[in-house]
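Read top to bottom, the protein sequences are chains A and B. Just so we're aligned: 136 in the numbering used here is position 135 of the first sequence, and the numbers increase by one with no gaps anywhere. Just so we're aligned: 819 in the numbering used here is position 62 of the second sequence, and the numbers increase by one with no gaps anywhere. Where is the CB? At the ideal position from N, CA and C, for every residue including glycine. Small disclaimer: the values here were computed from a predicted structure and weren't measured. Below is one structure, written out as structure tokens, with a few remarks after it.
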Amino acid sequence: MSVIETQDLGKRYPGGVTALTGLTLAVEPGITGLVGANGAGKSTLIKILLGLLAPTDGTARVLGHDTRTDGELIRARVGYMPEHDCLPPDVTATEFVTHLGRMSGLPATAAKEQAAEALRHVGLHEERYRQIGTFSTGMKQRVKLAQALVGDPGLLLLDEPTNGLDPSGRDAMLALIHRIGTEFGIAVVVASHLLSEIERICDQLVAIEGGRLLRAATLSSMTQNVPWLALEVEEGTDALAAHLTSLGLVVRTENRALLVPVGDDAVFDLIRDAIADLGLPLNRMEHRRHHVEELFSTAPAPALVHAAEPQP
Amino acid sequence: MTTPAMTTDSVIHDIGYKPYTGPRLGRGHILRSLYWFSLRSAFGFGRGAKARIIPLGGFAAMLLPAAISIYKVASVGGDPVLTYSHYAYSMSLFLIVFVAVAAPELVSRDLRHHTLPLYFSRPLRRSDYPLAKLLALATAIFLFEALPLIVMYLGTVASSTSGSGVWGQTKALVPGLLVALAYGVAFAPLTLLIASSTGRRAIATGAIAILFLATTAISHVFESVGQHEVGPPPAPPSSSSAQPDQTGQVQQSDDGPPFRPTFAYDSVARYGGLVDPLRLVEGTRIWALHATDANMPDPKGAGPLYGAELLLLTGLTTGGLFLRYRKVGVA
Chain A
2 MSVIETQDLG
12 KRYPGGVTAL
22 TGLTLAVEPG
32 ITGLVGANGA
42 GKSTLIKILL
52 GLLAPTDGTA
62 RVLGHDTRTD
72 GELIRARVGY
82 MPEHDCLPPD
92 VTATEFVTHL
102 GRMSGLPATA
112 AKEQAAEALR
122 HVGLHEERYR
132 QIGTFSTGMK
142 QRVKLAQALV
152 GDPGLLLLDE
162 PTNGLDPSGR
172 DAMLALIHRI
182 GTEFGIAVVV
192 ASHLLSEIER
202 ICDQLVAIEG
212 GRLLRAATLS
222 SMTQNVPWLA
232 LEVEEGTDAL
242 AAHLTSLGLV
252 VRTENRALLV
262 PVGDDAVFDL
272 IRDAIADLGL
282 PLNRMEHRRH
292 HVEELFSTAP
302 APALVHAAEP
312 QP
Chain B
758 MTTPAMTTDS
768 VIHDIGYKPY
778 TGPRLGRGHI
788 LRSLYWFSLR
798 SAFGFGRGAK
808 ARIIPLGGFA
818 AMLLPAAISI
828 YKVASVGGDP
838 VLTYSHYAYS
848 MSLFLIVFVA
858 VAAPELVSRD
868 LRHHTLPLYF
878 SRPLRRSDYP
888 LAKLLALATA
898 IFLFEALPLI
908 VMYLGTVASS
918 TSGSGVWGQT
928 KALVPGLLVA
938 LAYGVAFAPL
948 TLLIASSTGR
958 RAIATGAIAI
968 LFLATTAISH
978 VFESVGQHEV
988 GPPPAPPSSS
998 SAQPDQTGQV
1008 QQSDDGPPFR
1018 PTFAYDSVAR
1028 YGGLVDPLRL
1038 VEGTRIWALH
1048 ATDANMPDPK
1058 GAGPLYGAEL
1068 LLLTGLTTGG
1078 LFLRYRKVGV
1088 A
């Protein structure tokens, strides 16, 4: 059963601004990336899904409840992590998450336990009695995630969870979200304007642009899991390309590197032998997963596997 | 629920994720716990010790006359230092400080730190948040005003020897409690509305303090302008019986201190209290309870106006507060 289902969802603000039009999608359990540029309608969609904003057209169902009529039921079971800073600096992480656990409907003692659990899951067990104001940006993001996680929600809506984080912080946050989506079994929707970032952890991607659905599909169906191998040699790039092409492989150049789709394991042997035969100094050979970014930038193409070109 | 079941394996890892299976309470419970949380934070509980200095210091100051009174009645005898119904008005400076700190504490913080989206993405409805805050601050003001009265009452009653003394104290306590309630109901929406207009606590505190102090000053100016002394102060022994003159405008002084000169007030003084929220409550008390122990120019015929304005002010500020939170942005 779908976690989120929308049918012809539309939102037009008074004043004529259309935020969403004809949005029909179904989000399955697992981790779903909600991608779109700033202003594409992500925040409007999240507000509608939380039952805070009534759509002007169509319907939306979250965890089986209608957003128009059952907003309270939805919000009791959905954890929301806002994009912007939302933490008071002068309370401890435990106090803050406990209070918000109570605001989600947990009894007092359960809220305390669940807050401790949530803070442990996001890796702030040691620091939970420290005031939030003393936390780093990465730790603050974790507190924001913990308050969404408190009380075991059925669905998490995370709005730009990696905002303001440095690369290692991003990786840690994404790993955490991945763990929540897989080990904890909580359905997660991650809204982001950086597709390349969240595609690593998503099972499904929904792209919206200008309030319309651009594309929604499972990630595996989009990329078909064709791995690409990036090769970089010190010299003789052209000779290697010619050689590999003569062996029947598809070779594309990308700056100084060659990209070769790896259909089966035999391709690795072919490439290894080719480089050895030519006696080329190999600088780099790495697996590169097909980036889905360009899948969104082009019109939905039925035969993605062969049409798409990897462009980092 | 549609949470996918964890069917991958049945091995229990020592500290893995445990789904919550306990009760989930409804909106009513959430509203109640937000009320309780807000009431505690009005007195500075729930955060560092520093947050408690002003509310609890103010409360200690409020208790001071009660303590002195108990001591005086027990050791010297006679009447309490302050009457129950004068207590709130005489100590209003501390109430101003208290609400000027408490109201921003309740609402400005959440605006300042953008915490509201976290509340509104939970089962609460838009109006639940201001409702909980309103009830909490009204209760806090009531407790701030009423607890010293109750302390004074209990202390006085404990040293009282006659049953009629207890009855007299009880009868005198009731108007004091009503005044405390009126302060709570009227000032909570007024101060919360001001505080909810800004996320900056210092500015909200200043605005609330200035509102009360400035209006008090203005009403005192009106009182001075409209005040005319009528004759010399009556001799102390005879002052215990009221002597209204033919105009009916003499400040009745049967409960007042014996040395107070007798004044007559014209309409400027009688209507002047309308600009001052504190005098609005005091004037309404005098009018509604037919009190003769006024601390301000007796409103006389303007009394109903005081009552009406108090109601109107309370209604408008309450409505304004709810309107304010219907418009606040989420996400």
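Secondary structure at B/Ser-916: coil, using DSSP grouped into helix, strand and coil. Contact check between the stretch 979-988 of chain B and the stretch 886-894 of chain B: fewer than three CB pairs, one atom from each, fall below 8 Å, which does not count as touching. Boundaries cannot be given for B/Ser-954, as no beta strand (DSSP E) includes it and DSSP labels it neither H nor E.
When C-alpha distances from B/Leu-1069 are compared across B/Glu-902, B/Thr-1041 and B/Arg-789, the shortest belongs to B/Thr-1041.
DSSP places B/Val-987 outside both helix and strand once states are collapsed to three, so it counts as coil. Look at A/Phe-185: its C-beta is under 9 Å from a C-beta on chain B. Rounded to whole angstroms, the separation of the alpha carbons of B/Pro-1034 and B/Leu-1067 is 8 Å. For A/Ile-32, the uninterrupted beta strand (DSSP E) segment begins and ends at 32-36. Below the 8 Å Cβ cutoff, chain B contributes no neighbours of A/Val-144, its closest Cβ being approximately 11 Å away. Taking C-beta atoms under 8 Å as the contact rule, A/Ala-147 and A/Val-98 qualify, at a distance of about 5 Å. Taking a Cβ-Cβ threshold of 9 Å, the residues of chain B close to A/Leu-107 are Tyr-777, Gly-779, Pro-780, Arg-781 and Leu-782, in chain order. If you look at A/Met-174, you'll find it in the alpha helix (DSSP H) that goes 168-183.
Listed by position along chain A, the residues whose Cβ is nearer than 8 Å to that of B/Ser-790 are Arg-103, Met-104 and Ala-109. Under the three-state reduction of DSSP output, A/Lys-12 falls in the strand class. Listed along chain B, the residues sitting closer than 7 Å to A/Arg-76 by beta-carbon distance are Ser-878, Arg-879 and Pro-880.
With contacts defined as CB atoms closer than 9 Å, B/His-1047 and B/Asp-1023 fail to qualify as a contacting pair. Assignment of A/Thr-138 by DSSP, reduced to helix, strand and coil, places it in the helix class. In the DSSP assignment, B/Tyr-841 falls outside any beta strand (DSSP E) and within the unbroken alpha helix (DSSP H) covering 841-847.
Chain B places a beta carbon closer than 9 Å to that of A/Pro-83, counting this residue as a contact. Within chain B, the C-beta atoms nearer than 7 Å to that of A/Asp-86 come from His-871, in chain order.
At least one beta carbon of chain B lies nearer than 9 Å to the beta carbon of A/Asp-153. Exclusion of the five residues before and after B/Asp-885 leaves Arg-784, Ile-787, Leu-788 and Leu-791 as the residues of its chain whose Cβ lies within less than 8 Å of its Cβ. In this structure, DSSP gives A/Tyr-130 a state outside helix and strand, which the three-state scheme calls coil.
Per DSSP, A/Glu-161 has no beta bridge partner at all.
Contact holds between the stretch 34-47 of chain A and the stretch 207-221 of chain A, because three or more Cβ pairs, one in each stretch, are under 8 Å apart.
For A/Thr-219, the beta-bridge partners assigned by DSSP are A/Gln-205. With a contact defined as Cβ atoms closer than 8 Å, A/Glu-184 and B/Gly-773 qualify at about 7 Å. In the three-state scheme derived from DSSP, where H, G and I count as helix and E and B as strand, B/Phe-800 is classed as coil. When the five nearest sequence neighbours on each side are left out, the beta carbons in the same chain lying within less than 7 Å of the beta carbon of A/Gln-8 are those of Thr-25, Gly-59 and Thr-60, in order along the chain. Proximity of A/Val-92 to chain B, defined by a Cβ-Cβ separation below 9 Å, is satisfied. The beta-carbon of A/Val-79 is placed less than 9 Å from the nearest beta-carbon of chain B.
Between A/His-288 and chain B, the shortest Cβ-Cβ separation is not below 9 Å. When CB distances to chain A are screened at a threshold of 7 Å, the residues of the stretch 858-869 of chain B falling below it are Arg-866, in chain order. The beta carbons of B/Ala-966 and B/Ala-895 sit no closer together than 9 Å.
Between A/Ala-176 and A/Gly-80, the CB-CB gap reaches or exceeds 9 Å. A/Glu-73 belongs to the set of residues whose beta carbon lies under 9 Å from a beta carbon in chain B.
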